[in-house]
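Engineer: Position 188, counted from 1, in the sequence shown is what this note's numbering calls 188; the numbers after and before it change by one each time, with no gaps. Quick one: this structure, given as structure tokens, is what I'll be asking you about.
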Amino acid sequence: MSRALAVFHGHFGRATVYQLNRPFNVHAHREGHLIFHIGGTPGRIEVFEQPHLLCEETVVAVNPWEPHNFLPKDLAHGALFLVLYVNAEWFAGVRGLRFGCTKFKRTATLDGNIRAAAAMVCGAPSLNGLDGELRSLIDACHEESWRQAEASPEDHAGGAVTDFRVRKSIRLLAEGVGAEIELDAIARESGLSRPHFYKLFRSQTGITPHIYVNTLLMEKALDSLVSTETSIADIGFDLGFSSQSSFTHFFAGNVGMAPTDYRRAAKVLRA
């Protein structure tokens, strides 16, 4: 079973050291995403259905809203990964609002910084110091991704949503997000047929409405887990799941572990 060895929520976003031995569902994040292999058998990350080997010599960077999933190679024992989820606000004013390329080589300097950061996340240092260390690592990876990029990437997702009907659907989804939300009703309220809604939404955002809803649900679930004492069952019910088991199944499919394990491992830097 995949599990979190350590979780840290800071001002930059969040960091997790995972032992992963199970695939994820295809999902997306509002945040940027940096993934580092730190031990065991290499894995594979698919971004927009394109596979990228994740090993000790590489870094995989996923831009905000890019659909991706993790595929382990060792289902018996798994491997260790440091994963950084970078707040969308961090990208404001940064070149291209995205990473330069999806996969790039780990330099010797980056490798040392990655391993030091993973050790700090797993330890119990000053949380303010850890937040600064991870910010520096994100900056270095962003710079290196552009340095190694042969050309600017295509704009798949995260750009401006220009169609007013899609903007309206996004507002409606944010206002009423829950596991029971009916996408057909959102399409009608936005003035679109179901097929046109799905096609237009994906062309404007780069992801399907279903993945968008799942992203909003995960954000609410993560916030409740680390900022409240609400029971796991009640968090699931508040999000519209019919049972704790269905919420746990959803959470594990998108995060890689049960919500109880995530909450147990989490350290949070308060404002």
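Backbone N, C-alpha and C fix where the C-beta goes; we use that ideal spot for every residue, glycine too. Model, not experiment: these values are computed from the prediction.
Specify whether the region 244 to 262 and the region 224 to 234 touch according to this definition: at least 3 beta carbon pairs, one from each stretch, less than 8 Å apart.
Structural biologist: The answer is yes - the region 224 to 234 touches the region 244 to 262, with three or more Cβ pairs under 8 Å.
Engineer: Using the rule of at least 16 other Cβ atoms within 10 Å of the residue's Cβ for burial, across every protein chain shown, is Asp155 buried or exposed?
Structural biologist: Along the sequence shown, read from residue 1 onward, the residue named residue 155 stands at position 155. Because the pLDDT at Asp155 is just 43, under 50, the model does not fix this residue reliably, and the point stays unresolved.
Engineer: With hydrogens ignored, establish whether the beta-carbon of Phe36 is closer than 6 Å to any heavy atom of the ligand MN.
Structural biologist: Among the components modelled here there is no ligand, and therefore nothing to report on the ligand MN.
Engineer: Considering only the alpha carbon of each residue, which of Gly78, Gln50, Gly129, Leu34 lies closest to Leu5?
Structural biologist: For this step, residue 5 is matched to residue 5 along the sequence shown. If we check each option's Cα against that of Leu5, Gly78 comes out closest.
Engineer: Under 7 Å between the Cβ atoms of Tyr85 and Gly13?
Structural biologist: Numbered from 1 along the sequence shown, position 85 holds the residue referred to as residue 85. Numbered from 1 along the sequence shown, position 13 holds the residue referred to as residue 13. Result yes, Cβ atoms of Tyr85 and Gly13 sit closer than 7 Å.
Engineer: Candidates Pro125, Ile170, Arg165: which alpha carbon is nearest Leu269's?
Structural biologist: Counting from one through the sequence shown, the residue named residue 269 turns up at place 269. Leu269 has its Cα closest to that of Pro125, out of Pro125, Ile170, Arg165.
Engineer: State the DSSP-derived secondary structure class of Ala233, mapped to helix, strand or coil.
Structural biologist: Within the sequence shown, residue 233 is the residue found at index 233, counting from 1. In the structure shown, Ala233 sits in a helix (DSSP, three-state: H, G or I).
Engineer: What alpha helix (DSSP H) runs, 4 residues minimum, are completely inside the region 130 to 189?
Structural biologist: 164 to 176, 183 to 189
Engineer: Note down the Cα distance separating Gln148 from His142, rounded to an integer number of angstroms.
Structural biologist: Locating residue 148 in the sequence shown gives position 148, where the first residue counts as 1. Locating residue 142 in the sequence shown gives position 142, where the first residue counts as 1. Spanning the two alpha carbons is a distance of roughly 10 Å.
Engineer: Determine which residues share a DSSP beta bridge with His37 and list them.
Structural biologist: One-based indexing of the sequence shown puts residue 37 at position 37. Per DSSP, Phe81.
Engineer: Under 8 Å by Cβ, that's how I've got Gly191 and Arg165 pegged, so tell me the actual separation to the nearest angstrom.
Structural biologist: By 1-based counting over the sequence shown, the position of residue 191 is 191. By 1-based counting over the sequence shown, the position of residue 165 is 165. Yes, Gly191 and Arg165 are in contact; Cβ-Cβ is about 5 Å, under 8 Å.
Engineer: For the alpha helix (DSSP H) that contains Val47, what are its first and last residues?
Structural biologist: Counting from one through the sequence shown, the residue named residue 47 turns up at place 47. For Val47, no alpha helix (DSSP H) encloses it; the enclosing beta strand (DSSP E) starts and ends at 43 to 47.
Engineer: Return helix, strand or coil for Phe91, following the three-state DSSP convention.
Structural biologist: One-based indexing of the sequence shown puts residue 91 at position 91. Helix, per DSSP.
Engineer: Go ahead and label Arg188 buried or exposed: buried means 16 or more other beta carbons lie within 10 angstroms of its beta carbon, across all protein chains shown.
Structural biologist: Taking the sequence shown and counting its residues from 1, one reaches residue 188 at position 188. By the 10 Å Cβ count, Arg188 comes out exposed.
Engineer: Can you check DSSP and say which residues form a bridge with Thr58?
Structural biologist: In the sequence shown, the residue the question calls residue 58 occupies position 58. According to DSSP, Thr58 bridges with Lys105.
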